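First the structure, in the form of structure tokens, and then the observations on it.
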Amino acid sequence: MKKHVIMATYDGIGTHYSGVGTIAKNIVSFLTDISNSLDMKVSIAYINVDKTSAVFNKDCFEAANNLVNKTGGQMVPLCNSTKGQSEWDMWRSFNEWNFSCVSLVTTLNLLLKEDEDNVIILNDTPFLFFAKYRDLVTVKNLKCFYFPLSTGKNHAFGDEEWRNNRIRVEKKCFELIELEKDSKVISLGKKFAERMHEDYGLNFHEKDYLQNGLCFEKYKDFLDEKFNNKDLLKFGIDISEDKKIIFAWGRCSIAKGFKELAQAWVLAYISLPDHFLVLQIPNNSGENEYFQEVKNILSDIPRVIIIDDFNPNIWKTILRNQNTDVVCIPSLMDPFPHTSIEAKLLSKDMNYITLISDVDGAVDAFEKDECIYVNPRDSAEFSKKIIEAVNLEYSKRKEIIDRSDKTIEKFNFPEIMLRFIKDNLN
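Position 332 of the sequence shown, counted from 1, bears residue number 332 in UniProt numbering, the numbering being contiguous throughout.
Right under this line is the structure:
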């Protein structure tokens with residue numbers, strides 16, 4: 001029986017600005033690479049985006065479109081009541097979530113065939129709402145893998161009424177999914193699974209994971225390079241050659257812990273006169289007040305550079321910069337941030353120590369002896385750990401970096417996806 005894999009997603013197909021998008025892009029890349037060896041049809045249902053808008057990503061869209069054309073599937077834009085002209089208006093309310101999931105039902109009723117082995121990957125939390133409408137799908141030969149990438153209890157974002165309503169509906173959806181014999185919730189990582197168990201009573205078994213990872217070949221050019229501060233001038237970053245860098249990057253969201261890092265730097269900077277704090281935190285999450293708050297905390301603090309630019313060549317260059325001394329992943333509410341794996345991968349033969357938040361999924365990328373764990377919410381502890389990392393003797397630093405390098409293969413996304421297919425799709 002021919003297998004038909006449908007991926008329902010938002011970011012990473014018509015747009016790309018987040019970790020959700022990176023996961024979707026990686027899945028598209030992997031399925032494209034193996035499409036010659038597997039008898040598999042792939043279709044993609046994505047949130048509609050205005051192709052004339054600034055958020056449209058031609059490269060993402062063409063990669064997805066080429067995959068479905070190559071395998072005989074379909075590209076289907078889903079309705080969600082907006083014109084799709086910005087990230088925020090496409091995915092901001094429960095109405096959009098419901099409209100998209102009902103639209104997905106219509107899509108499946110047109111696409112699915114009883115004589116095919118149908119599998120759908122529902123990529124991101126809003127598609128949990130599909131559980132409310134699953135019974136409206138006329139073809140019953142369908143396995144559903146729900147892949148939430150945040151939850152209302154884990155991601156303290158939005159006003160209290162909105163968030164409480166989100167938690168209430170998520171609980172209902174999880175209960176519905178548990179009743180479906182051909183459905184399961186997939187966790188991005190072990191730490192996030194623990195949170196969903198604590199918060200919603202979900203239980204996960206060995207095969208109920210699609211661990212986060214990277215397509216390593218996309219980074220190989222930078223892995224062969226090393227840079228100095230002078231190489232940052234092309235990005236408008238002017239730091240003298242004798243100064244060191246403490247670095248963090250990612251979209252500027254409350255989930256990422258940049259406010260907590262800023263507060264720690266306020267306590268630490270006097271003790272570190274030869275260091276700059278560099279934050280690459282593009283303000284594209286619809287959280288402008290948070291972005292301004294981070295800037296305000298650091299407004300009168302010396303040796304701070306804030307970069308409002310998504311350009312991935314900036315953070316890759318800084319991670320391969322011999323002047324980079326400490327890399328911080330201070331995330332608070334991420335299931336499993338890509339930045340933690342990127343820091344691990346690009347640390348090969350470098351000199352920086354990684355500080356990892358121990359309150360969320362960032363720890364899934366690093367064992368305790370491969371980094372320094374920190375609680376970002378404790379500013380005094382955080383600042384002390386930054387200073388500790390800076391002052392770590394070379395031999396100890398190298399031991400930590402080398403141990404981390406030995407476990408990077410666990411995060412090779414094509415291998416992760418192959419295991420997921422073997423465990424769940426066969």
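Beta carbons: idealized from backbone N, C-alpha and C, even for Gly.
If you're wondering where the values come from, they're calculated on a predicted model, not measured in any experiment.
- In this structure, the beta-carbon distance from Phe310 to Tyr17 falls below 9 Å.
- Cβ-Cβ separation between Val363 and Ile372: approximately 12 Å, too far for a contact (criterion under 8 Å).
- The beta strand (DSSP E) runs lying completely inside the segment 164-233 and spanning 3 residues or more are 183-185, given in chain order.
- A residue is called buried when at least 16 other Cβ atoms come within 10 angstroms of its Cβ; Thr52 does not meet this threshold and is exposed.
- Beta-carbon to beta-carbon, Ile341 and Gly158 are separated by about 27 Å, too far to satisfy the 8 Å threshold.
- In this structure, DSSP gives Ile281 a state outside helix and strand, which the three-state scheme calls coil.
- Taken through DSSP and simplified to helix, strand or coil, Lys422 comes out as helix.
- In terms of CA proximity to Gly84, Ser100 leads the group Leu110, Ser100 and Ile401.
- Here Phe222 is not near Leu104, since their CB atoms are 9 Å or more apart.
- A straight line joining the alpha-carbon of Lys143 with that of Tyr200 spans about 22 Å.
- In this structure, DSSP gives Cys144 an extended state, which the three-state scheme calls strand.
- If you look at Ile27, you'll find it in the alpha helix (DSSP H) that goes Gly19 to Ile34.
- In this chain, the alpha helix (DSSP H) harbouring Tyr394 covers Tyr394 to Asp405.
- For Asn311, DSSP assigns no beta-bridge partner whatsoever.
- Met196 is not a Cβ neighbour of Ser183, given a cutoff of 9 Å.
- Nearest C-alpha to Arg377 among Leu267, Phe235 and Leu332: Leu332.
- In the structure shown, the three-state DSSP call for Thr106 is helix.
- Nearest neighbour of Leu31 by Cα position, chosen from Lys3, Val55, Lys234 and Thr15, turns out to be Lys3.
- Rounded to the nearest whole angstrom, the CA to CA distance from Val374 to Thr151 is 23 Å.
- For the set Thr107, Ser86 and Thr82, the Cα lying nearest the Cα of Asn95 is the one of Thr82.
- For Asn118, the pairing in a beta bridge is given by DSSP as His4 and Leu142.
- For His155, the three-state secondary structure derived from DSSP is coil.
- A direct Cα-to-Cα measurement between Ile245 and Glu289 gives close to 26 Å.
- For Thr324, the three-state secondary structure derived from DSSP is strand.
- In the DSSP assignment, Val374 falls within the unbroken beta strand (DSSP E) covering Ile372 to Val374.
- In this structure, the alpha-carbon of Ala156 lies about 28 Å from that of Ala54.
- For the pair Glu206 and Phe382, the CB atoms are not nearer than the 9 Å cut-off.
- With a threshold of 16 other beta carbon atoms within 10 Å, Asn203 falls short and is exposed.
- With a beta-carbon spacing of about 5 Å, Thr15 and Asn57 fall inside the 8 Å limit used to define contacts.
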